[in-house]
Every structure is written in structure tokens, then in C-alpha cells.
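FYI, the numbering for the sequence shown is 44 to 302, going by our numbering.
Just so you know, even glycine gets a beta-carbon here, dropped at the ideal spot from N, CA and C.
Written out below as C-alpha cells is the structure these notes cover.
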Amino acid sequence: MKADNQRIELLDELRGFAIIAMIVHHFFLDVGDVLGLEWGYTIFNRLCTVQPIFWAIFIIISGICSRLSRNTIKRGAIVLGAGMAVTLVTAVIMPKLLGIYNAEIYFGILHCLGSCMIITGLAMPLIKRTNAKIGVFICIILFASTYGINSGELLFGLIKLPAPSSNLLMPLGIFNDSFESADYFSIIPWLFMFLAGAFIGEYVKDGRLPKWAYKKHSRSLAFVGRNSLWFYLGHQAVLYAILYAFLEGVKIYCKIKLS
44 MKADNQRIEL LDELRGFAII AMIVHHFFLD VGDVLGLEWG YTIFNRLCTV QPIFWAIFII
104 ISGICSRLSR NTIKRGAIVL GAGMAVTLVT AVIMPKLLGI YNAEIYFGIL HCLGSCMIIT
164 GLAMPLIKRT NAKIGVFICI ILFASTYGIN SGELLFGLIK LPAPSSNLLM PLGIFNDSFE
224 SADYFSIIPW LFMFLAGAFI GEYVKDGRLP KWAYKKHSRS LAFVGRNSLW FYLGHQAVLY
284 AILYAFLEGV KIYCKIKLS
């Protein structure tokens, strides 16, 4: 997150904002799942219309930071490993030990980001030799033309993909109706958004941002942004604990009132 030995506070703050928006979004889903309140699902579904904006912010910034990282492949392996840990917890530990179902994450944002980091790290020599403006333009075209891959479409619906017999290509965005994941980000199309950030990172690395981008505007957002991985890994556990504690508190209160 540094350029010319000066931390780019704006990137931290934007990433922190995106993480907080995600936590708020997930909170309403948990209100529905834990408390059984229908309005939680209603608000969650309505917020889904703006959620891609925060996805894009987070992924583009991650792509930018790949140009500032000393070892993008190593960082990618760490993030991918964290994603696999999330899969272990949500698909094995939570159902079997806690009795929490329908929260399984098989290829979420951490899996996607880790994969994108590794791919970008391997492709970095080519990225550095490519004109940044041309690279961003190509990535935008590829992202737009593959955005519908999760629905079995390419090129804005002009190409229909046949339903696969298995879900082996699920990381790439190709799966059948049997696949479900509480959080799902396929490598395609998000790799192209990540790569667009990597090309933009050339300007960031050269210190071409305005001076205010290097100044801190919000300590809270900057703190969340610098520790985004830990906030992502821990936010659901904290939300579940708070809501379950609230639920138990309501039950105890009702017993006292009835006794």
C-alpha cells in the first residue's frame, strides 16, 4: 500500500469502506437467518442491487496493490489459504458441530482474490510490458463480455453456454443447478477487474496520485482497510455471536416476564 515510501491512505480508506458495506449487508442476512425476521431478508435483497459497486471497489484496489506488493504470488497463496480455511469452517465445522446449515462457502471472495493474485503475479512480466491504458481497456471489454458467465451467458447473452454435467469448472464461473455457495466469486469475470486494477497500479506506483490521496481522512476506515482480511474472516462469527446473544437475552426476558 505504499508508493515512493509514502503510504497511500486513500486506498486503505476505500477498502475499509467496502468492507464495512459488506459487513452491514451480511448483517441483514444474519438477522433473517438467526432471528427469523423476514425484514432482514428484504433489506438484504434490496441492497444486492448496489453490492457490485463495493465488490468492484475492493477488487480494483486489490489489483492496484498487486503492483505495490513485493511478492504478489506469496500474498495470493496466503489469501487463497485463508479462503480454504473459510470453506473448512463453513462446510464442515459449522454444519457438523454447530448445526448451522446453508452457510457453506466453496469459492468466495478470498478464493477469488487469492487466485487472481497468483495469476497476476505470474503474468506480471507481461503486464509491465503492456501499455497501461490499452491493458485497462482490454480488461474492461473482457469483464463486460464475460459478466454473465454465472448465468451461462457470454458476450451480453449472444452466446449461451451448455449446462455442465459437473461443477469442476465452478472456480471459473461454470456450474450447474446443483451448485450452491453462500458467498461466490468466480475467477471469470473478476480476474479482468483485478487485472484492470493491476494496470492502473502503474500510475499509483509511480506516485502520480494527487497529494490528498496520501493524507489520512478517516482513521477508522484506514484501520479497517489495513486489516481487511481479518475483518472478513471474523465478521460473521462476531455477527452470529451478537445476534445469538440477543436472541437468548430475549428468551430469558420473556421467561422472567411470564414467571
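Three-way DSSP call (helix, strand, coil) for residue i in this model
{"i": "residue 84", "result": "helix"}
{"i": "residue 197", "result": "strand"}
{"i": "residue 248", "result": "helix"}
{"i": "residue 150", "result": "strand"}
{"i": "residue 202", "result": "strand"}
{"i": "residue 44", "result": "The pLDDT assigned to residue 44 is 49, lower than 50, so where the model puts this residue is not dependable, and the model offers no usable value."}
Chain D contact for residue i (CB, 8 Å cutoff)
{"i": "residue 198", "result": "No chain D appears in this structure, which consists of one protein chain only."}
Rounded Cβ spacing between residue i and residue j (contact assumed at less than 8 Å)
{"i": "residue 111", "j": "residue 248", "result": "6 Å"}
{"i": "residue 183", "j": "residue 239", "result": "6 Å"}
{"i": "residue 242", "j": "residue 146", "result": "Not quite, the Cβ-Cβ distance comes to about 36 Å (not below 8 Å), so this is no contact."}
{"i": "residue 157", "j": "residue 192", "result": "No, residue 157 and residue 192 are not in contact; Cβ-Cβ is about 19 Å, not under 8 Å."}
{"i": "residue 290", "j": "residue 78", "result": "6 Å"}
{"i": "residue 73", "j": "residue 246", "result": "Contact doesn't hold; Cβ gap of about 39 Å is too wide."}
{"i": "residue 151", "j": "residue 126", "result": "6 Å"}
{"i": "residue 225", "j": "residue 148", "result": "5 Å"}
Range covered by the alpha helix (DSSP H) that runs through residue i
{"i": "residue 285", "result": "271-301"}
{"i": "residue 69", "result": "52-78"}
{"i": "residue 188", "result": "175-189"}
Does the stretch 263-274 come within contact of the stretch 55-64, defined as at least 3 CB pairs closer than 8 Å? Yes, the stretch 263-274 touches the stretch 55-64.
Is it a yes or a no for the stretch 189-208 touching the stretch 139-153, going by three-plus beta-carbon pairs under 8 Å? No, because fewer than three Cβ pairs between the stretch 189-208 and the stretch 139-153 fall closer than 8 Å, the two stretches do not touch.
Any alpha helix (DSSP H) of 4 or more consecutive residues that is wholly inside the stretch 102-148: As far as the stretch 102-148 is concerned, its whole alpha helix (DSSP H) runs of at least 4 residues are 115-131.
Counting beta carbon pairs with one atom in the stretch 157-171 and one in the stretch 109-129, are three or more of them shorter than 8 Å? Cβ pair count under 8 Å is three or more, so yes.
Could you check whether the stretch 76-91 touches the stretch 116-125, counting it as contact only if at least three pairs of C-beta atoms, one from each stretch, sit closer than 8 Å? As far as the Cβ criterion goes, the stretch 76-91 does not touch the stretch 116-125, which means the pair count is below three.
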